[in-house]
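> Protein chains in written order, with the numbering used here: chain A, 663 to 1069; chain B, 58 to 315.
(1) Taking only beta carbons into account, state which residues of the region 208-241 of chain B come closer than 8 Å to chain A, listed in chain order.
(2) Establish whether the CB of residue 249 of chain B and some CB of chain A are separated by less than 8 Å.
(3) Counting only Cβ-Cβ distances shorter than 9 Å, please list the residues of the region 113-138 of chain B near chain A, keeping chain order.
(4) By the criterion of Cβ-Cβ separation under 7 Å, what are the contact partners of residue 158 of chain B in chain D?
(5) Nearest-angstrom Cα distance between residue 775 of chain A and residue 722 of chain A?
(6) Please identify, using Cβ separations under 8 Å, the residues of the region 73-102 of chain B that lie next to chain A, in order along the chain.
(7) Whole angstroms is fine: what's the gap from residue 875 of chain A's alpha carbon to residue 758 of chain A's?
(8) Name the two residues that bound the continuous alpha helix (DSSP H) containing residue 264 of chain B.
(9) Buried or exposed: residue 305 of chain B, going by 16 or more other Cβ atoms within 10 Å of its Cβ?
(10) Only counting runs of 3 or more residues, tell me where the beta strand (DSSP E) segments fall wholly within the region 80-116 of chain B, in order along the chain.
(11) State the CB to CB distance for the pair residue 105 of chain B and residue 285 of chain B, rounded to an integer number of angstroms; the pair is presumed to be in contact (CB under 8 Å).
(12) Using the rule of at least 16 other Cβ atoms within 10 Å of the residue's Cβ for burial, across every protein chain shown, is residue 178 of chain B buried or exposed?
(13) Could you give the distance in angstroms between the alpha-carbon of residue 779 of chain A and the alpha-carbon of residue 732 of chain A?
(14) Given a threshold of 16 other Cβ atoms within 10 Å of its Cβ, counted over all protein chains shown, does residue 719 of chain A qualify as buried or as exposed?
(15) Kindly confirm or deny that the region 102-118 of chain B and the region 207-217 of chain B touch, where touching means at least three C-beta pairs closer than 8 Å.
(16) Just the chain B side, please: which residues come within less than 8 Å of residue 718 of chain A by C-beta, in chain order?
(17) Helix, strand or coil for residue 1054 of chain A, going by three-state DSSP, please let me know.
(18) What did DSSP end up calling residue 759 of chain A once you bin it into helix, strand or coil?
(19) Could you tell me the alpha carbon to alpha carbon distance between residue 1021 of chain A and residue 798 of chain A, rounded to whole angstroms?
(20) Less than 8 Å separating the beta-carbons of residue 887 of chain A and residue 812 of chain A?
(21) Taking 7 Å as the cut-off, is the C-beta of residue 302 of chain B nearer than that to any heavy atom in the ligand HEM?
(22) Can you list, in chain order, the residues of its chain whose CB lies under 6 Å from that of residue 783 of chain A, leaving out five sequence neighbours each side?
(23) Rounded to whole angstroms, what's the CA-CA distance from residue 1019 of chain A to residue 1009 of chain A? Just pull it up for me.
(24) For residue 321 of chain B, which beta-bridge partners are listed by DSSP?
(25) Could you tell me which chain A residues have their CB closer than 9 Å to the CB of residue 169 of chain B, listed as they occur along the chain?
(26) Beta-carbon within less than 6 Å of residue 781 of chain A's beta-carbon, same chain only, minus the 5 sequence neighbours each way: which residues are those?
(27) Which whole-angstrom value describes the C-beta separation of residue 1065 of chain A and residue 1052 of chain A, a residue pair presumed to lie in contact below a C-beta threshold of 8 Å?
(28) Under the three-state reduction of DSSP, which class applies to residue 701 of chain A: helix, strand or coil?
(29) For a cutoff of 8 Å on Cβ pairs, would you count residue 274 of chain B as touching chain A?
(30) Of all the alpha helix (DSSP H) runs that stay within the bounds of the region 118-171 of chain B, which reach a length of 4 or more residues?
(31) I need the straight-line Cα distance from residue 205 of chain B to residue 261 of chain B, nearest angstrom please.
(32) Which class does residue 302 of chain B belong to by DSSP, given the choice of helix, strand or coil?
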């Protein structure tokens, strides 16, 4: 139509190519989705009306039945009630339709299923420093349901594979009729289809982040806490990789989730938009700690036994930013003891010694403290520590052995 | 997202051969139940979906319900013909005297054992320790306890999955066939596939005494071989799967010697 159009399109092509090249190297190139654009697409009591979604729900009913009866679940009514309470606060219009299950898996994860039930891993409860962070993750998962991500992804995948199949067939038949070989283009189209599916998945995650930030801000939590989660996770993965003399994995075009770095940056920008200046936000740390208090030793125990000392140490240091206590000091000792590099025995001894000085020191801290005192030849002090251990844990599996040590 | 990869591999990959195939294994001492036996059929695990144009499987709730009731009806009429006393448990809370979770545990354990049988007997990962021993798997004490509590002799587990080619898939196949005229021949893009398996557990010993797999597939979309949604298709499947139970190796040898 005009001369400039050609120039423009050439320029846009160049820009597009440049962006594509940049995204190949970083894997994070995408536009931020703004929280204010995120409107829930379902109301209370949502039920599917279309055949494909009904089919998905039917499959998920069975999945929920299996998950609800799994012996990996933690059934403690205080904890499950707490999680239900949170999703009831940050769940938007579907708040009272959600079900939430807690699975004992020492990994940083939570997931939402298409029918509105969520599974939270215990590894998440270990890593969250306050209720606002936990609410952030749960709000992100609620966002997946509220924005109908699963059925939208499924339809996107169906549409793209349909198009690819038709395109491939037409190219094959058409190419044969016209005497041209289009196989190379087909391979390119196949890669393009794959990449666009992964891109769609990353976009859904970005939507859920923005929706989640909006939801927690509406519930009175500081939206910046969602960005803090990613900062913590990046730190943890870097520490874990450093210990193994590796590099932390960065994003790629084949990822289903945006890279942690880009999520953190976007969530920071979201938080700036959503934070009301002068408003006092409560992260409800005290309530969070009192709720997870009973399970925290288990959370730490599961973590230190993963044989990932880099991550475990980082996690304990991060949690200790809110103040050291006997439990954290004891598990710090456990990280060193289990790592068992040169000098780690001394580090562990120091941690156990520090742990027993706190009123909340677990019984095992006295046991290990006693053993290290014994090694140093401080028999009288060791016996005192063992005696304390037996008082705290009279039914310990090794009680008979410890009694023998006491003489 | 491993599922996504799998779905894509299925979409872009080559489909199964176009035929119906069954292969059964039995415990060496197995004699097919006859006469006055009591059989417990645990909730049949049925899924029916549509095969999309691109080759993905879209689960369909209405078709699945239809197929499940057809299969249950077919099972009932087949077993009635054999003289057995049959109870088909459609929901886990329907078995008197057995709590829901306990039945669920037996179901899950059997599902895991069945998967292992499929892996080591059918998919090529043969175990040298099990060679020549017929079917050598057990569900163990849980199954024995279930038998003791309910008074049933056998438990049957049934799994069936079926895909019906969508119109788009059929059209694509027709296009592929039409391409043969110009020299691009691709009629065999893969159509409906059905996979059914069943295992029979002896509730007195806890052992899996008999196992059978039916696999049916067509490379050309639009060709059918028994639609599980219809009474006829379900009957055909139940007959293929459970119709001819062969006795175990030792039993057959004895019968041959006589």
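Think of the CB as a built atom: it goes at the ideal place given N, C-alpha and C, for glycine as much as any other residue.
Looking at the atomic coordinates:
(1) 225, 229, 232, 233, 235, 236, 239, 240 and 241
(2) no
(3) 113, 115, 116, 117, 118, 119, 120, 121 and 122
(4) Note that chain D does not occur in the displayed structure, where the protein chains are A and B.
(5) 7 Å
(6) none
(7) 19 Å
(8) Note, residue 264 of chain B: premise wrong, no alpha helix (DSSP H); beta strand (DSSP E) at 264-274.
(9) buried
(10) Within the region 80-116 of chain B, the complete beta strand (DSSP E) runs of at least 3 residues are 95-98, 102-108 and 114-116.
(11) 6 Å
(12) buried
(13) 14 Å
(14) buried
(15) With a cut-off of 8 Å, the region 207-217 of chain B and the region 102-118 of chain B count as touching, because enough Cβ pairs lie within range.
(16) 116
(17) The answer is helix: DSSP assigns residue 1054 of chain A an H, G or I state.
(18) coil
(19) 32 Å
(20) It is not a contact, given that the beta carbons lie outside the stated cut-off.
(21) Absence of the ligand HEM is noted for the structure shown, with no ligands found whatsoever.
(22) 765, 767, 769 and 771
(23) 16 Å
(24) For chain B, the structure presents residues 58 to 315; residue 321 of chain B sits outside this window and is missing.
(25) Going along chain A, no residue has its Cβ under 9 Å from residue 169 of chain B, so there is no contact; the nearest lies around 12 Å.
(26) 763, 765 and 773.
(27) 7 Å
(28) coil
(29) no
(30) 118-139
(31) 8 Å
(32) coil
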